[in-house]
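A.B. asks: In the UniProt record's numbering, the protein residues as written are 1 to 169. By construction, the Cβ of each residue, glycine as well, lies at the ideal position given by its N, Cα and C atoms. It should be emphasised that the depicted structure is a prediction, and the values quoted were computed from it without experimental measurement. Handing you this structure, nothing more for now.
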Amino acid sequence: MGQAPMHLMDDNSVTEMPDWDPETPVAVLTQTTLSVGDTASAIDAIKEQFPNSQIRNDICYATTNRQDAVSKMASLVDLALVIGAQNSSNCNRLLELAKSLGVHAYLINGPGELRPEWVVDVKVVGIASGASTPEILVEEVIRALKPEKVTLLEGVEENITFTMPRELQ
1 MGQAPMHLMD
11 DNSVTEMPDW
21 DPETPVAVLT
31 QTTLSVGDTA
41 SAIDAIKEQF
51 PNSQIRNDIC
61 YATTNRQDAV
71 SKMASLVDLA
81 LVIGAQNSSN
91 CNRLLELAKS
101 LGVHAYLING
111 PGELRPEWVV
121 DVKVVGIASG
131 ASTPEILVEE
141 VIRALKPEKV
151 TLLEGVEENI
161 TFTMPRELQ
């Protein structure tokens, strides 16, 4: 921030655009764990006011994939459990997304936080986890639920590789 004039905005302040000339050179950098939809809305608003803006969308591929999976899962389940830490931005976005799609949802950090009343009259439970949630926690929650059947949703295979910038090679 100390190197150039900067305006910080979060996904809740899209209407609070800086009062700059529309021809001002603008660079947009996004945080890695924001909601994909909210980020797209913010970028659209910025492009509208600053048509020549340069966009660097760094939303983490794992975040994008998990949000896409929750979107697909929401219409198939009666309850969604997001497994991960309460302070995880990624997990909280997944929870918010599930709820926004009309699914009862809870954020838990493991099987010890499951509540029996959550699954009363529930036929299908969907499980999602944050990008940094250990797989063992997911497995423990599944075991604690004692499902008759586990179905995996098809998703994007995460086989991303990163290349060094030319100037660093």
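So, residue 172 versus Leu97, is the Cβ gap smaller than 8 Å?
C.D. replies: A question about residue 172 goes unanswered here, because the residues of the chain that appear run from 1 up to 169.
A.B. asks: What residue from Pro111, Gln67, Pro25, Leu8 has the CA that sits closest to Lys99's CA?
C.D. replies: Translated into the one-based positions of the sequence shown, residue 99 becomes position 99. When each option's Cα is compared against that of Lys99, the closest is Gln67.
A.B. asks: Hey, how far is the Cα of Ala85 from the Cα of Phe50?
C.D. replies: Taking the sequence shown and counting its residues from 1, one reaches residue 85 at position 85. Taking the sequence shown and counting its residues from 1, one reaches residue 50 at position 50. When rounded, the distance between both Cα atoms is 37 Å.
A.B. asks: Can you look up Arg56 in the DSSP assignment and give me helix, strand or coil?
C.D. replies: Taking the first residue of the sequence shown as 1, we reach residue 56 at position 56. The answer is strand: DSSP assigns Arg56 an E or B state.
A.B. asks: Whole angstroms is fine: what's the gap from Ala63's alpha carbon to Val28's?
C.D. replies: In the sequence shown, residue 63 corresponds to position 63, counting from 1. In the sequence shown, residue 28 corresponds to position 28, counting from 1. Correcting the residue identity first, residue 63 is Thr in this sequence and not Ala. Taking the straight line joining both Cα atoms gives about 19 Å.
A.B. asks: Check each candidate in Thr24, Ser132, Glu140, Val124 and name the one with the smallest Cα separation from Lys149.
C.D. replies: Along the sequence shown, read from residue 1 onward, the residue named residue 149 stands at position 149. Nearest of Thr24, Ser132, Glu140, Val124 to Lys149, Cα basis: Val124.
A.B. asks: Tell me the start and end of each unbroken alpha helix (DSSP H) in the stretch 96-152 that is at least 4 residues and wholly inside, in chain order.
C.D. replies: Entirely contained in the stretch 96-152, the alpha helix (DSSP H) runs reaching 4 residues are, in chain order, 135-145.
A.B. asks: Considering only DSSP beta bridges, list what Leu79 is partnered with.
C.D. replies: Mapped onto the sequence shown, residue 79 falls at position 79. Paired residue(s): His104, Val125.
A.B. asks: Checking 8 Å against the spacing of the C-beta atoms, do Pro25 and Asn52 come in under that value?
C.D. replies: Counted from its first residue, the sequence shown places residue 25 at position 25. Counted from its first residue, the sequence shown places residue 52 at position 52. Yes, Cβ-Cβ distance for Pro25 and Asn52 is below 8 Å.
A.B. asks: How far does the beta strand (DSSP E) with Val28 in it reach, from first residue to last?
C.D. replies: Taking the first residue of the sequence shown as position 1, residue 28 is located at position 28. Per DSSP, Val28 belongs to the beta strand (DSSP E) from 27-29.
A.B. asks: Taking Ala80 as the reference, give the member of Leu101, Thr133, Gln54 with the closest Cα.
C.D. replies: As a position in the sequence shown, residue 80 is number 80, starting the count at 1. It is Leu101.
A.B. asks: Do you know offhand how far Asp38's Cα is from Asp44's?
C.D. replies: Position 38 of the sequence shown holds residue 38. Position 44 of the sequence shown holds residue 44. Rounded to whole angstroms, Asp38 to Asp44 spans 10 Å at the Cα level.
A.B. asks: Enumerate in chain order the residues of its own chain whose CB-to-CB distance from Glu113 is below 7 Å, with the five nearest sequence positions on each side excluded.
C.D. replies: Numbered from its first residue, the sequence shown carries residue 113 at position 113. None.
A.B. asks: Please report the straight-line C-alpha distance between Ala131 and Asn65, rounded to a whole angstrom.
C.D. replies: Locating residue 131 in the sequence shown gives position 131, where the first residue counts as 1. Locating residue 65 in the sequence shown gives position 65, where the first residue counts as 1. In a straight line, the C-alpha of Ala131 is about 10 Å away from that of Asn65.
A.B. asks: Using the three-state DSSP reduction, which class does Ala92 fall into: helix, strand or coil?
C.D. replies: Translated into positions along the sequence shown, residue 92 becomes position 92. Checking the sequence shown, residue 92 turns out to be Asn, not Ala. The answer is helix: DSSP assigns Asn92 an H, G or I state.
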